[in-house]
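Protein chains in written order, with my numbering: chain Z, 134 to 344; chain C, 134 to 344.
By construction, the Cβ of each residue, glycine as well, lies at the ideal position given by its N, Cα and C atoms.
2 protein chains.
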Amino acid sequence: MVTGGADRIRVLIADDHPIMRDGIAVALESSPDMDVVGQAADGAEAIVRFRELHPDVALIDLQMPGVDGLQAIHAISAEFPQARIIVLTSYPGDARVKRALTLGANAYMLKTATREEILGAIRSVMNGRRVVATEVAGEIASHAWSEMLSDRELSVLRLVATGHTNKRIADILCVSEDTVKARLKNIMTKLGALDRTHAVTLARNRGFFDG
Amino acid sequence: MVTGGADRIRVLIADDHPIMRDGIAVALESSPDMDVVGQAADGAEAIVRFRELHPDVALIDLQMPGVDGLQAIHAISAEFPQARIIVLTSYPGDARVKRALTLGANAYMLKTATREEILGAIRSVMNGRRVVATEVAGEIASHAWSEMLSDRELSVLRLVATGHTNKRIADILCVSEDTVKARLKNIMTKLGALDRTHAVTLARNRGFFDG
DNA sequence: AGCAAAATCACCCGATCGGGCATTGATCGC
DNA sequence: GCGATCAATGCCCGATCGGGTGATTTTGCT
Chain Z
134 MVTGGADRIR VLIADDHPIM RDGIAVALES SPDMDVVGQA ADGAEAIVRF
184 RELHPDVALI DLQMPGVDGL QAIHAISAEF PQARIIVLTS YPGDARVKRA
234 LTLGANAYML KTATREEILG AIRSVMNGRR VVATEVAGEI ASHAWSEMLS
284 DRELSVLRLV ATGHTNKRIA DILCVSEDTV KARLKNIMTK LGALDRTHAV
334 TLARNRGFFD G
Chain C
134 MVTGGADRIR VLIADDHPIM RDGIAVALES SPDMDVVGQA ADGAEAIVRF
184 RELHPDVALI DLQMPGVDGL QAIHAISAEF PQARIIVLTS YPGDARVKRA
234 LTLGANAYML KTATREEILG AIRSVMNGRR VVATEVAGEI ASHAWSEMLS
284 DRELSVLRLV ATGHTNKRIA DILCVSEDTV KARLKNIMTK LGALDRTHAV
334 TLARNRGFFD G
């Protein structure tokens, strides 16, 4: 038994990059009050590991194959409302951040963060605080007034992105073309887009899409 | 002096994620025939480090702030034609891969690769071979027939992505609107896009943009 | 139950787009 | 030199888009 202390923070790591998991692991093991108790390479595995390990905190990446990070956070948070979850991902994007936080995440960190920032975030979350990387916080602030996109609007925008005409989108979603136009008009207003193409670009940059 | 062997592979790591650099470092240091001789957090630093360290091989990420990986590869390869460069990045995209390889990279690996695959790639490159991750190889094969986009076409497409109308693009590029339309028509044919929006999406997915 | 918000559908119209077809220079390789 | 290739340009025209305005229905929340 290597881990002697009973009060050490038990951490679960979920990331589809093996090398990144190693990097996180060495950072945590370098701290005397933390232990990596498990790792997962995708969202489905993260959920299973969380169920069997009941870690004090889970470090989860958003970009993962199959069940992605957001879905994993949702599932874990629904089953374990007291779960401490930290998002550690490559990309900002206010929409992504808001979704992660509302789905149950307690912190949103970027992979550009240093070991110390990661460790600090873990300790803060363990103390019941919420943490958002400063780069991300500014982004959220600058989009504070703007509204989110509804599921319906995202469906329309995804079809727009893949080159479908309004009429075709209407057929696919089983609504009239005018409805699609109304939806799209609303989307462009919300995003401040000049046209449909710009709307797709802005939505991508703000993290409305799962890429 | 820790590094006793004179025949060990000297590696430079360039990645803007500190934790990822750590992960790569532990993987390399776990191998008795490799040494991490330097690290860089962006392309500009990578160039400087390469100049002063002359590593046997450089592991470079493409997504980096300021001078990105492609520019760094270009600069290093131009100054040191014998340089061994391995791209280690998160994303595939045949266009990105082709650009990296033509700019001087000797290998293209994804961060989903295991330590063993990374170490193997380094040894292969040291033996003069080229390495391309299998996931990426298949992608290139499936787009083997399709042509690349020219700089001019990329300029047009970037403006399309940001919501500019053909007329405005024409003014910005100081050409006639008909020229822009001709260029765009050609772009859509090359990419097999249904409309301008689809063209932007396909270009993004295939790595024509620096995102 | 009752109000607010979102979603749906409808019509008009000017601007923009995308396809087809043809012409001019300029650069490049043979 | 000369054909080839490509960027640039022009015109026509039907399809699509984006803006404005208004009405009805559904949904959610109090």
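Query, Result
"Between I302(C) and chain Z, is the shortest Cβ-Cβ distance under 8 Å, so that the two count as touching?", "no"
"Let me make sure I understand the geometry here. Which of F341(C), G261(C), V230(C) has the alpha-carbon closest to that of R285(C)?", "F341(C)"
"Short of 7 Å Cβ to Cβ, which residues in the segment 297 to 323 of chain C face chain Z?", "none"
"Going by other Cβ atoms of all chains shown within 10 Å of its Cβ, with 16 needed for buried, is H297(Z) buried or exposed?", "buried"
"Taking a cut of 7 Å between CB atoms, which residues from the segment 260 to 275 of chain C lie near chain Z?", "none"
"Reducing DSSP to helix, strand and coil, say where V349(C) ends up.", "Residue numbering for chain C in the displayed model covers 134 to 344; residue 349(C) lies beyond these limits and cannot be assessed."
"What does the Cβ neighbour count give for V181(Z), buried or exposed, with the cut at 16 atoms within 10 Å?", "exposed"
"R143(C) lies in the beta strand (DSSP E); which residues open and close that run?", "142 to 147"
"In chain Z, what lies closer than 8 Å to V159(C) by C-beta?", "D155, G156, V159"
"Listing by chain order, which chain C residues have their CB less than 8 Å from the CB of I251(Z)?", "I152"
"Since I believe A266(C) is in contact with D194(C) (beta carbons under 8 Å), could you give me their beta-carbon distance rounded to a whole number of angstroms?", "At roughly 14 Å, the Cβ-Cβ gap does not stay under 8 Å, so D194(C) and A266(C) are not in contact."
"For the segment 215 to 249 of chain Z, enumerate the residues whose C-beta is nearer than 9 Å to any C-beta of chain C, in chain order.", "L221, S223, L243, K244, T245, A246, T247, R248"
"Against chain Z, with Cβ distances strictly below 8 Å, would R184(C) count as a contact?", "no"
"Using a Cβ cut-off of 8 Å (strictly closer), state whether H331(C) contacts chain Z.", "yes"
"Would the segment 151 to 171 of chain C and the segment 149 to 166 of chain Z be scored as touching if the rule is three or more Cβ pairs under 8 Å?", "yes"
"Where does G253(Z) sit, in a helix, a strand or coil, going by DSSP?", "helix"
"Determine the contact status of L292(Z) and A336(Z), defining contact as a CB-CB distance below 8 Å.", "no"
"Note the first and the last residue of the continuous alpha helix (DSSP H) segment covering V181(Z).", "176 to 186"
"For V144(C) versus D175(C), is the C-beta spacing smaller than 8 Å?", "no"
"Can you give me the Cβ contacts of H207(Z) inside the same chain, cut-off strictly under 7 Å, excluding the 5 residues immediately before and after it?", "L236, G237"
"Exposed or buried, what is N260(C) when buried is set at 16 or more other beta-carbons lying within 10 Å of its beta-carbon?", "exposed"
"Indicate the three-state DSSP secondary structure (helix, strand or coil) for T295(C) in the structure shown.", "coil"
"Give the straight-line distance between the Cα atoms of G344(Z) and D140(C), rounded to the nearest whole angstrom.", "42 Å"
"Would you please verify whether the beta carbon of V200(Z) is less than 8 Å from any beta carbon of chain C?", "no"
"Would the segment 165 to 172 of chain C and the segment 204 to 220 of chain C be scored as touching if the rule is three or more Cβ pairs under 8 Å?", "no"
"In the DSSP assignment, find the alpha helix (DSSP H) that holds L234(Z) and state where it starts and stops.", "227 to 235"
"Could you compute how far the alpha carbon of G325(Z) sits from the alpha carbon of H331(C)?", "20 Å"
"How long is the line joining the alpha carbons of A270(Z) and P225(Z), rounded to whole angstroms?", "9 Å"
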